[in-house]
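Step one of this worksheet: look at the structure below.
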């Protein structure tokens, strides 16, 4: 049993020291650009969802969605895999897309 704990301890401590992703993601200030953009889009959608309780005028909604779409376009440019790309937001689909960003 002691040997098993020793092996587990070695593998957990040894792999994190040599894992470049762990080293990079360990410090939140040094996240890759696409992850920063993902957090910004998610925060913008959460704010929009919280404010959707009151009626948001269509012009204001369109302006907010345009700003989020600019961030989504930048996210799509920086994301490391094409399968992680997200579609643009429209007044018709933004509530459905909110779920996919969570």
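Numbering (the UniProt record's numbering), first residue to last: 1 to 102.
The C-beta atom is built at its ideal place from N, Cα and C for all residues, glycine as well.
TODO: Confirm, please, whether the CB-CB distance from residue 83 to residue 41 is below 8 angstroms.
DONE: no
Task: Delimiting residues of the alpha helix (DSSP H) encompassing residue 43 - done: From DSSP, the alpha helix (DSSP H) with residue 43 extends over 33 to 51.
- [ ] Please state whether DSSP places residue 11 in a helix, a strand or coil.
- [x] Summary for residue 11: the model assigns pLDDT 48, below 50, so the residue's position carries little reliability, and this model does not support an answer.
Open item on the list: Counting C-beta neighbours from all protein chains within 10 Å, is the total for residue 102 16 or more, i.e. buried, or is it exposed?
Closed with: exposed
Open item on the list: Below 8 angstroms on the Cβ atoms is my contact criterion, and I expect residue 61 with residue 44 to pass it. Report the Cβ-Cβ distance as a whole number of Å.
Closed with: Contact doesn't hold; Cβ gap of about 12 angstroms is too wide.
- [ ] Look at the alpha carbon of residue 89 and the alpha carbon of residue 31, and state the distance between them as a whole number of angstroms.
- [x] If I take the Cα positions, the gap works out to 24 angstroms.
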